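Chemist: One structure, as C-alpha cells, below. Some questions next.
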Amino acid sequence: MPKLNIDKSDSEFLNKTIAHWQKEGMLGDDTADKLRSSYEVKGFDWMRLAKYSFWVALICGGASFAFLIVNDAVVNWLKHLYYTPDIVISIISAALAIFLFYWGRRREKLHPEKIFSNEAVIFTGILFTACCIAYLGKALDHHSGHYSLLFLLSVFVYGFLGWRMDSRLIWLFALISLGSWFGTETGYQTHWTDYFLGMNYPLRFVIFGVVLIVGCAILKNRKWFAYFWEQTYVVGLLYLFMSLWLLSIFGNLGNLDVWYQIKQITLFYWGIISLCVAGAFLFYGLKSKDDISREFGITFLIIFIYTKYFEYFWESTNKTLFFAILAASFWLIGRKAEKIWNLKSKNSSVQ
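Residues 138 to 488 (the working numbering) are what the sequence shown spells out, left to right.
Below is the structure:
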C-alpha cells in the first residue's frame, strides 16, 4: 500500500499524537509503528512549482502578445482588423471560448493529474468569453453608457459554466463579475455621482459583502452549492474586509478632494467599527471552529491596528512602546485562547 505523502508540520503533529496515545496505553507498539510507517514527509513541492510556472507562462504569453502588437506589420494588420464588425469578433471569440472549454474539460477527464495545465486552458477560455461579451456589448450598444449590463450577463454566463463544468476558477470570475456589476450599476443609477443612497463605494461594498456572506449561510446546506460554498464565503469576506479597510481610511466621503480637507482623527469611528467587525469574526471563528472566519478576523484585526497606527501615531509615538503594547495585547489574546483550549481539552478527556 502506498504511503501517505504529507507536510513536515503534519508529520510532526502525527508523531506527537501517536507517541501520546502510545504513552497512555491507547496504542500498542506494533500498531504505533504501523501508523508511523504509513506516511512520509513530502519532498520538494513540485505541484506548487507547476502552479506558479503555468501562471508565469500565462503572464509571459500576455507580455509576448503585447510586444507582438507593437511590431509594424502586426499594427498594419490590426488596422484592417479594426474595421471588422464587432459582432464578427464576438462570434469568433465565442467559438474559441467554446473550443477551449471543451478541450479543457476533455483534458480534465483524460489527464486529471495535470491540474494547472488544465486550468490554464480553462483560464484562456474565460478570457475569450469576456472578449465575446465585450464585443457583443459594442455591437448592440446605442450609446446608453449602461455597460453594467455586460457584467450582469457575465455573471450568468460564468455562473452557468462554473456550475455545469464544476469549475471553481470559472465560478470565481462569476463572483468578480457580480461585484463589478454591483459597482457599475450603482454608479450608473446615480449618473456616476459620489453617493448611492448616501453611501460611497467602500460602504456600498461592505453591504455587498454582508449580503454575499448571508447568502452563503442560507445556501450552505444546498447540494448544488456545496462545491462552491467555501470559495464564495472567502470572496464575500474579501469584499467585506477590504471595503471596511478602505472605509476606515476614507470614511463615507465621496471623493479625495473632500478627504484631503479634513483631519483623519474625525474618521476614527469607522476604524472602531472595522476593529469590532474583525474582532466579532475572530470570536465567532474561535467559538464555532470556523477556520476561514478566524483567519480573516485575526489578519484584518492586525491590518486595521497597523493602519490606525500609521495614520495617528507613527510620528509622535515611541516605536518601542507601541510594539511592546501590541505584543502585550496579542500575548494576552494568546493566553486567553490557550486557557479556553486547555479547558475544552480537559472537558473532552473527562467525557
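Using N, Cα and C, we set each Cβ at its ideal position, and we do this for glycine too. None of these values were measured; they are calculated from a predicted model.
1) From Phe-288 to Thr-168, what does the alpha carbon distance come to, in whole angstroms?
2) Three Cβ pairs or more, each shorter than 8 angstroms: is that satisfied between the region 331-339 and the region 308-317?
3) Rounded to whole angstroms, what's the CA-CA distance from Lys-424 to Leu-151? Just pull it up for me.
4) Which two residues bound the contiguous alpha helix (DSSP H) that contains Ile-410?
5) Taking only three categories from DSSP, how would you classify Glu-177?
6) In whole angstroms, what separates the C-alpha of Ala-276 from that of Asp-223?
7) Does DSSP put Met-163 in a helix, a strand or coil?
8) List the whole-angstrom C-beta distance separating Ser-411 from Leu-384, where the pair is believed to meet the contact cut-off of C-beta under 8 angstroms.
9) Report all residues from its chain with a CB closer than 7 angstroms to the CB of Val-414; omit the five preceding and five following residues, and keep chain order.
10) Using a Cβ distance threshold of 8 angstroms, determine whether the region 341-361 contacts the region 390-408, with at least three qualifying pairs required.
11) Give me the Cα-Cα distance between Ile-226 and Leu-172, rounded to the nearest whole angstrom.
12) Gly-373 and Ile-350 - do their beta-carbons sit closer together than 7 angstroms?
13) Tell me which residue opens and which closes the alpha helix (DSSP H) that Tyr-295 is part of.
14) Along the chain, where does the alpha helix (DSSP H) containing Pro-339 start, and where does it finish?
15) Buried or exposed for Thr-154, going by 16 or more other Cβ atoms inside 10 Å?
16) To which residues does DSSP link Phe-333 through a beta bridge?
17) Kindly indicate which three-state DSSP category His-279 falls into: helix, strand or coil?
18) Using the beta-carbon count (16 or more within 10 Å), is Ile-259 buried or exposed?
19) When you compare only the Cα positions, how much space is there between Arg-305 and Phe-365?
20) Please identify the residue among Gly-262, Gly-352, Phe-362 and Cys-268 whose C-alpha is closest to the C-alpha of Trp-300.
21) Label Ala-156 either buried or exposed according to how many other C-beta atoms from any shown protein chain fall within 10 Å of its C-beta, with 16 as the threshold for buried.
22) Just reading off the alpha helix (DSSP H) that Ile-307 is part of, what are its end residues?
23) First and last residue of the alpha helix (DSSP H) that includes Trp-240?
24) Which same chain residues end up closer than 6 angstroms to Leu-273 when comparing Cβ atoms and leaving out the 5 residues on each side of it in sequence?
25) Tell me the DSSP secondary structure of Ile-399 in three-state form.
26) Suppose you measure from the CA of Ser-148 to the CA of Asp-428; what does that come to, to the nearest Å?
27) Once you ignore the five residues that flank Ser-285 on each side, which residues in its own chain have a CB closer than 6 angstroms to its CB?
28) Below 6 angstroms CB to CB, which residues in the same chain sit around Asn-255 once its five sequence neighbours on both sides are set aside?
29) How should Ile-270 be labelled, buried or exposed, when 16 other C-beta atoms within 10 angstroms of its C-beta is the threshold for buried?
30) Might you give, ordered along the chain, the residues of its own chain that have their beta carbon closer than 6 angstroms to the beta carbon of Gly-422, omitting 5 neighbours on each side?
31) Which of the three DSSP states, helix, strand or coil, is assigned to Val-207?
32) Could you have a look at Lys-251 and say whether DSSP puts it in helix, strand or coil?
33) Output the distance between the C-alpha atoms of Thr-327 and Glu-177, rounded to the nearest integer angstrom.
Modeler: By the coordinates alone:
1) Their backbone Cα atoms lie some 58 angstroms apart in a straight line.
2) Taking one beta carbon from each stretch, the region 331-339 and the region 308-317 have fewer than 3 pairs nearer than 8 angstroms; the two do not touch.
3) About 25 angstroms.
4) Its alpha helix (DSSP H) spans residues 405-425.
5) The three-state reading of DSSP puts Glu-177 in strand, counting E and B together.
6) So the two alpha carbons sit approximately 5 angstroms from each other.
7) DSSP, reduced to helix, strand and coil, places Met-163 outside both helices and strands of the structure shown, so it counts as coil.
8) Between Leu-384 and Ser-411 the Cβ distance is about 7 angstroms, and since that is below 8 angstroms, they are a contact.
9) Hits under 7 angstroms: Leu-381.
10) At 8 angstroms Cβ cutoff, the stretches do not touch.
11) Spanning the two alpha carbons is a distance of roughly 60 angstroms.
12) Result yes, Cβ atoms of Ile-350 and Gly-373 sit closer than 7 angstroms.
13) Unbroken alpha helix (DSSP H) run through Tyr-295: 285-302.
14) Looking at the DSSP string, the run of the alpha helix (DSSP H) that includes Pro-339 is 338-356.
15) Looking at its Cβ environment, which holds fewer than 16 other Cβ atoms inside 10 Å, Thr-154 is exposed.
16) As computed with DSSP, Phe-333 is found in a beta bridge with Met-336.
17) Looking at His-279 - three-state DSSP - the assignment turns out to be coil, as it is neither helix nor strand.
18) Label assigned to Ile-259: buried.
19) The straight-line gap from Cα to Cα measures roughly 7 angstroms.
20) Minimum Cα distance to Trp-300 is reached at Phe-362.
21) Burial is judged here by how many other beta carbons sit within 10 angstroms of a residue's own beta carbon; Ala-156 has fewer than 16 and is exposed.
22) Element bounds for Ile-307: 305-326.
23) Counting along the chain, Trp-240 sits inside the alpha helix (DSSP H) bounded by residues 223-247.
24) Result list for Leu-273: Ser-227, in chain order.
25) Of the three classes helix, strand and coil, the one that applies to Ile-399 here is coil, per DSSP.
26) When rounded, the distance between both Cα atoms is 21 angstroms.
27) Once the five neighbours on either side are set aside, the close Cβ partners of Ser-285 are Trp-318, Thr-321, Glu-322 and Tyr-325.
28) Only Gly-241, Arg-244 and Glu-245 meet the Cβ criterion.
29) Residue environment analysis places Ile-270 among the buried positions, since at least 16 neighbouring C-beta atoms fall within 10 angstroms of its C-beta.
30) Contacts found: Ser-430, Arg-431 and Gly-434.
31) Bear in mind that a pLDDT of 48 at Val-207, under 50, signals an unreliable position, so the model cannot answer this.
32) Lys-251 carries a coil assignment under DSSP once its states are collapsed to helix, strand and coil.
33) Approximately 60 angstroms between the Cα atoms of the pair.
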